[in-house]
Amino acid sequence: MPDVQNLIKAVIGTLVFVAVGLLVFLLAFVLITKLTPFSIRKEIEEDQNTALAIVIGSVILGLAWIISAAIHG
1 MPDVQNLIKA VIGTLVFVAV GLLVFLLAFV LITKLTPFSI RKEIEEDQNT
51 ALAIVIGSVI LGLAWIISAA IHG
């Protein structure tokens, strides 16, 4: 039974970190959209602004690395 308890603790810990990570991503995206004076969706989808898409992707990757480093310890 100790293995099952360890598994349950690991799953709960993973779910908590997933929730925190998604919350940080959501907060960062909302912050980016509020700080920019233009519509990010319009720029990327309609105007085909590749540079902006690369910047947004870089922000997402940077956040992912920071969150994974915090989880990994």
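To convert, note that position 34 of the sequence shown is 34 in the numbering used here; the numbers rise steadily by one, no gaps. We put the beta carbon where it would ideally sit given N, CA and C, even for glycine.
Check                                                                                 : Outcome
Residue burial classification, I54 (beta-carbon count within 10 angstroms, cutoff 16) : exposed
Proximity to L27 [Cα-Cα], best of H72, V59 and A70                                    : V59
As assigned by DSSP and simplified to three states, the class of P37                  : coil
Which of helix, strand or coil DSSP assigns to Q48                                    : coil
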